[in-house]
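Q: The structure follows.
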Amino acid sequence: MKTKGALLRENNKPWEIEEIEIGDPQRSEIKIRMEAAGMCHSDHHLMTGGIPMAGFPILGGHEGAGVVEEVGEGVTDFEVGDHVVLSFIPSCGKCPSCKAGLANLCDFGAMLLQGEAVSDNTFRIHTASGEPVYPMTLLGTFSPYMVVHEASAVKIDKDIPFEVAALCGCGIPTGYGSSTRSGDVRPGEDVAIVGVGGVGTAALQGAVISGARNVIAIDPVEWKREQAMKFGATHAFASVEEAAMSIAELTNGHMCHKVIVTVGEVHGKDVDTWMGITAKAGTCVLTGMGNMMESEVTLNLAMLTLLQKNLQGTIFGGANPKLDIPQLLSMYRMGKLNIEDMITRQYRLDQINEGYQDMLDGRNIRGVIRYTDEDR
Ligand SMILES: NC(=O)c1ccc[n+]([C@@H]2O[C@H](COP(=O)([O-])OP(=O)(O)OC[C@H]3O[C@@H](n4cnc5c(N)ncnc54)[C@H](O)[C@@H]3O)[C@@H](O)[C@H]2O)c1
Ligand SMILES: [Zn+2]
Ligand SMILES: [Zn+2]
């Protein structure tokens, strides 16, 4: 079928809305009519080349929600009409990583930036002139229709608003899991969240729900700090330098048991600064990304070894898509997880560049593309 998509033709050029051709679902695949897609910072890394894909053009978007429109051969877990979240991490349930309880490291994820369908290693999406299109993380949610492997989809209840569900494809589980799984925040601990955008606000909620004592939000944007206080932060500062003295006072010099770093553009040389506000034997969780090809982490050896600090990288917050996404949505329904207030603005597909500019200008916690008939 012919539809539209937001494509990148080269790095550092705006998103372009182009006609694309989407193939029929093959074995183990499903076709989705998209309703909403979240605008995560990682797609901006695609644009700058910080996250490299195997080729151009790239169809962006790696979190979203929609309705199953068609199922391919051999699909047993989904039927037409099901509501689904599209998870940027596929989980097959069968590979050694999935069996080991590390579904966020599912072996299907090894193909994540290749652009080819994991089902048969061919391209499901083409441009109008027939070139293959590389979809972000086996998805490409910046198009009103998609064909994906069933491992990338998670069935959800039909009463959940699509724009809320969309954020559960990446931002919510990544942030919440960065605190609760990768960071393993315990009751009474002191936690700093560095960067309170989409992922950071979910991390902040994870720390609050886990019973942290002090939840310290650090972000240079004043409006983000005000929002963080509404989401349950106990303190907010513009920079680590500004926060360090107060953190020392609040914690009798021990600093934070957990530091969750979700800044938009991570530079490896800054890691020591974040390790500096991490307590002895504490853990600094690195969720934010930067130029994945060039940035190297600098660490002070004495701080790491003599103070027994931990540096923990994380993908998808260590969360398990098929288990955690429905659970997070039940927490939303119970009023325990505030996803609605994280959606600052909604856009049409052709407003995508405006949406990303708003993110870079610090005007959004999360922007969401809400598809209408006009976009299809
Ligand atoms: N590891 C993963 O699995 C994973 C998943 C999703 C997103 N990410 C990454 O997480 C990062 C955040 O994504 P997002 O969508 O929340 O982005 P975002 O732009 O919404 O949020 C980033 C926040 O960091 C703040 N910030 C910038 N520089 C800072 C600094 N020096 N100190 C403190 N705060 C600073 C910004 O003001 C903003 O509020 C991105 O790098 C993204 O690619 C990683
Ligand atoms: Zn993301
Ligand atoms: Zn797997």
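Its first residue numbered 1, the sequence shown is counted upward by one per residue in the UniProt record's numbering.
For each residue, glycine too, the CB sits at the ideal point set by N, CA and C.
Would you mind reading off the limits of the alpha helix (DSSP H) that contains residue 256?
A: Locating residue 256 in the sequence shown gives position 256, where the first residue counts as 1. DSSP places residue 256 outside any alpha helix (DSSP H); the residue lies instead in the beta strand (DSSP E), whose first and last residues are 256–261.
Q: Since I believe residue 59 is in contact with residue 142 (beta carbons under 8 angstroms), could you give me their beta-carbon distance rounded to a whole number of angstroms?
A: Position 142 of the sequence shown holds residue 142. Position 59 of the sequence shown holds residue 59. That belief holds up - the Cβ atoms of residue 142 and residue 59 are roughly 6 angstroms apart, short of 8 angstroms.
Q: Taking 7 angstroms as the cut-off, does the CB of residue 40 come closer than this to any heavy atom belonging to ligand 1?
A: One-based indexing of the sequence shown puts residue 40 at position 40. Relative to ligand 1, the nearest heavy atom lies less than 7 angstroms away from the CB of residue 40.
Q: For residue 146 versus residue 34, is the C-beta spacing smaller than 8 angstroms?
A: If you number the sequence shown from 1, residue 146 lands on position 146. If you number the sequence shown from 1, residue 34 lands on position 34. In contact: residue 146 and residue 34 (Cβ atoms closer than 8 angstroms).
Q: Shortest alpha-carbon distance to residue 182 belongs to which of 245, 120, 261?
A: One-based indexing of the sequence shown puts residue 182 at position 182. Selected option, being the one with the closest Cα: 261.
Q: Residue 15 to residue 352, Cα distance in whole Å?
A: The residue you call residue 15 lines up with position 15 of the sequence shown. The residue you call residue 352 lines up with position 352 of the sequence shown. For residue 15 and residue 352, the distance between alpha carbons rounds to 7 angstroms.
Q: Who are the near neighbours of residue 237 in its chain, counting only those whose CB is closer than 6 angstroms to its CB and skipping five residues on each side?
A: Locating residue 237 in the sequence shown gives position 237, where the first residue counts as 1. Once the five neighbours on either side are set aside, the close Cβ partners of residue 237 are 218, 243.
Q: Beta-carbon within less than 6 angstroms of residue 157's beta-carbon, same chain only, minus the 5 sequence neighbours each way: which residues are those?
A: Taking the first residue of the sequence shown as position 1, residue 157 is located at position 157. Closer than 6 angstroms at the Cβ level, and outside the excluded window around residue 157, lies no residue.
Q: For residue 331, which residues of its own chain have a beta-carbon under 7 angstroms away from its beta-carbon, when the five flanking residues on both sides are left out?
A: Position 331 of the sequence shown, counting from 1, holds the residue named residue 331. Contacts found: 337.
Q: Residue ranges of each alpha helix (DSSP H) run of no fewer than 4 residues wholly in the UniProt domain "Alcohol dehydrogenase-like C-terminal" (198–330), ordered along the chain?
A: Within the UniProt domain "Alcohol dehydrogenase-like C-terminal" (198–330), complete alpha helix (DSSP H) segments of at least 4 residues are found at 198–209, 222–230, 240–250, 271–276, 301–305, given in chain order.
Q: Taking a contact to mean a Cβ-Cβ separation below 8 angstroms, would you say residue 273 touches residue 240 in this structure?
A: Locating residue 273 in the sequence shown gives position 273, where the first residue counts as 1. Locating residue 240 in the sequence shown gives position 240, where the first residue counts as 1. Cβ atoms of residue 273 and residue 240: closer than 8 angstroms.
Q: When the Cα atoms are used, what is the spatial distance from residue 200 to residue 259?
A: What you label residue 200 is simply residue 200 of the sequence shown in a count that begins at 1. What you label residue 259 is simply residue 259 of the sequence shown in a count that begins at 1. Taking the straight line from one Cα to the other gives about 11 angstroms.
Q: What's the gap between the Cα of residue 213 and the Cα of residue 302?
A: Position 213 of the sequence shown, counted from the first residue, corresponds to residue 213. Position 302 of the sequence shown, counted from the first residue, corresponds to residue 302. Their Cα atoms are separated by approximately 28 angstroms.
Q: What residue range is occupied by the uninterrupted beta strand (DSSP E) comprising residue 145?
A: Indexing the sequence shown from 1 puts residue 145 at position 145. Here the beta strand (DSSP E) through residue 145 covers 145–149.
Q: Helix, strand or coil, according to DSSP, for residue 164 in the structure here?
A: Walking along the sequence shown from the start, residue 164 turns up at place 164. Three-state result, residue 164: helix.
Q: My output table needs one value for residue 377: the three-state DSSP class, helix, strand or coil.
A: One cannot answer for residue 377 here, as it falls past the ends of the chain, which runs 1 to 376.
Q: If we ignore side chains and look at the alpha-carbon of each, how far apart do residue 245 and residue 255 end up?
A: Looking up residue 245 in the sequence shown gives position 245. Looking up residue 255 in the sequence shown gives position 255. Taking the straight line from one Cα to the other gives about 9 angstroms.
Q: Taking only heavy atoms of ligand 1 into account, decide whether any of them is closer than 7 angstroms to the Cβ of residue 224.
A: Sequence index remark: in the sequence shown, residue 224 carries index 224 (1-based). Yes, the Cβ of residue 224 comes within 7 angstroms of a heavy atom of ligand 1.
Q: At a cut-off of 7 angstroms, is residue 127 close to ligand 2 when judged by its beta-carbon and the heavy atoms of the ligand?
A: For the purposes of this step, residue 127 is taken as the residue at position 127 of the sequence shown. No; taking the cut-off as 7 angstroms, the Cβ of residue 127 has no heavy atom of ligand 2 nearer than that.
Q: Report the CB separation of residue 215 from residue 232 in whole angstroms; it is logged as a contact under 8 angstroms.
A: Here the question's residue 215 lines up with position 215 in the sequence shown. Here the question's residue 232 lines up with position 232 in the sequence shown. Residue 215 to residue 232, Cβ: 6 angstroms. Contact.
Q: Within its chain, find whatever has a CB closer than 7 angstroms to the CB of residue 374; leave out the 5 residues flanking it on each side and keep chain order.
A: Position 374 of the sequence shown, counted from the start, is the residue given in the question as residue 374. The residues are 348.
Q: With distances taken from CA atoms, which of 84, 67, 129, 54 is nearest residue 115?
A: As a first step, residue 115 is located in the sequence shown; it is residue number 115 there, counting from the start. Closest by alpha carbon: 54.
Q: Is residue 28 closer than 8 angstroms to residue 149 when the C-beta atoms are compared?
A: If you number the sequence shown from 1, residue 149 lands on position 149. If you number the sequence shown from 1, residue 28 lands on position 28. Yes, these two residues count as a Cβ contact at 8 angstroms.
Q: Does the segment 122–132 come close enough to the segment 17–25 to have 3 or more Cβ pairs within less than 8 angstroms?
A: yes
Q: Taking 8 angstroms as the threshold (C-beta atoms), are residue 21 and residue 153 in contact?
A: Position 153 of the sequence shown, counting from 1, holds the residue named residue 153. Position 21 of the sequence shown, counting from 1, holds the residue named residue 21. No, the Cβ-Cβ distance between residue 153 and residue 21 is not below 8 angstroms.
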